[in-house]
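First the structure, in the form of C-alpha cells, and then the observations on it.
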Amino acid sequence: MIRDLLLIVFILAGAIGASQVPRFVQEYEQRLGGARDEARLHLRGFEAIAKTRGLSFEKYLGELAAEGGDSGAATSTTIRQMGERADWLDLLQEHLGKASHLKRTWVVFSKPDPEILRATWAVYRPGVFLDSQHGLIGVGISWLLFVILSRVFGAIFFRRKVRRARG
Numbered sequence: 409m410i411r412d413l414l415l416i417v418f419i420l421a422g423a424i425g426a427s428q429v430p431r432f433v434q435e436y437e438q439r440l441g442g443a444r445d446e447a448r449l450h451l452r453g454f455e456a457i458a459k460t461r462g463l464s465f466e467k468y469l470g471e472l473a474a475e476g477g478d479s480g481a482a483t484s485t486t487i488r489q490m491g492e493r494a495d496w497l498d499l500l501q502e503h504l505g506k507a508s509h510l511k512r513t514w515v516v517f518s519k520p521d522p523e524i525l526r527a528t529w530a531v532y533r534p535g536v537f538l539d540s541q542h543g544l545i546g547v548g549i550s551w552l553l554f555v556i557l558s559r560v561f562g563a564i565f566f567r568r569k570v571r572r573a574r575g
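Just so we're aligned: 565 in the numbering used here is position 157 of the sequence shown, and the numbers increase by one with no gaps anywhere.
Below you can see the structure in the form of C-alpha cells.
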C-alpha cells in the first residue's frame with residue numbers, strides 16, 4: 409500500500425517536474441533573443457562610427473587598437489569579443505529555431521550560454537501546466553527511479569530481516 413502510494417507520488421512529481429522544462433526553455437529562448445538583440449544593437453553603434461569615419465568595421469577596430477593606446481586596444485578587444493558573443497548567440501538562436509519541440513530542450517541544455525542560463529534560472533518560477541510529451545518522459549524517468557530506489561531499499565531492509573531471523 410505504501411509502496412503503491414510512493415509510486416504514484418514519484419510518477420506525479422516526475423510528470424509535473426518534466427512538464428516545467430518547456431516553459432523554462434521558452435524563457436531561456438526569450439532571454440537569448442533579448443541578449444542577441446542587445447549585442448547587435450551595440451555593435452551597430454560601433455559600425456556606424458566606423459562608417460562615419462569612412463572605414464570598414466575591421467579597419468576601425470584595428471585603428472582603435474593601434475592609435476588609442478592601452479584604452480583603445482582594450483576597447484577594440486572588448487568590441488571584438490562582443491561581436492563573437494553576438495555571433496554565438498545568433499548560432500544558438502538558429503539552432504533553437506530549427507529544433508522540434510522535444511529537441512529544443514536538448515539544444516538548450518547541451519550547449520547553453522552560461523550567463524543566460526543562470527539569469528533564466530534565477531528568475532524562473534514553476535507554473536502549473538502539463539506538457540504531454542515532457543510529462544510522459546518525466547513519468548518514465550520517475551518510474552525508473554522509483555524501481556531502482558525501491559529495489560535498493562528493499563534489498564537493504566530485506567537483508568536486515570534475514571539477518572535477524574538467522575541470528
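Just so it is clear, CB atoms sit at the ideal spot from N, CA and C, and this is done for glycine as well.
Predicted model, so just to flag it, every value in this text is computed and none were measured.
Separation of residue j from residue i, as counted between CA atoms
i	j	result
Gly425	Glu502	27 angstroms
Gly462	Ala456	10 angstroms
Leu449	Leu414	52 angstroms
Leu576	Ile410	Past the boundaries of the shown model lies residue 576; the chain is included only from 409 to 575, so the question cannot be answered.
Ala458	Arg512	38 angstroms
Phe517	Leu544	19 angstroms
Pro534	Phe565	36 angstroms
Lys519	Ala530	19 angstroms
Beta-carbon contacts of residue i that lie in its chain and below 7 angstroms, excluding the five residues immediately before and after
i	result
Leu437	In the sequence under discussion, the amino acid at residue 437 is Glu, which differs from the Leu named in the question. Taken in chain order, the residues that qualify are Leu504.
Tyr532	Phe432 and Glu435
Gly491	Leu451
Ile524	Tyr436, Arg439, Leu440 and Ala443
Ala447	Met490, Arg493, Ala494 and Leu497
Gly480	Leu472 and Ala473
Val547	Ile419, Gly422 and Ala423
Ala577	In the structure displayed, the chain extends from 409 to 575; residue 577 sits before or after that span and is not available.
Close beta carbons around residue i, own chain, < 6 angstroms, minus the five adjacent residues each side
i	result
Ile549	Gly422
Phe465	Glu455 and Ala458
Backbone secondary structure at residue i - three-state DSSP
i	result
Asp412	helix
Gly422	helix
Ser464	coil
Arg488	helix
Asp498	helix
Tyr436	helix
Ser508	coil
Gln541	helix
Asp521	coil
Gly441	helix
Arg526	helix
Pro430	helix
Gly562	helix
Gly535	coil
Gly579	With the chain covering 409 to 575 only, the question about residue 579 has no answer from this structure.
Contacting residues, own chain, Cβ-Cβ under 8 angstroms from residue i (five flanking each side not counted)
i	result
Gly470	Ser484
Asp521	Leu440, Ala443, Trp496, Leu497 and Leu500
Ile487	Leu451, Phe454, Leu469 and Leu472
Thr528	Phe432, Glu435, Tyr436 and Arg439
Trp551	Leu415, Phe418, Ile419 and Gly422
Supposed close pair residue i, residue j - CB separation, criterion 8 angstroms
i	j	result
Val417	His542	No, Val417 and His542 are not in contact; Cβ-Cβ is about 19 angstroms, not under 8 angstroms.
Any non-hydrogen atom of the ligand GDP closer than 8 angstroms to residue i Cβ
i	result
Glu523	This structure simply doesn't include the ligand GDP, nor any ligand for that matter.
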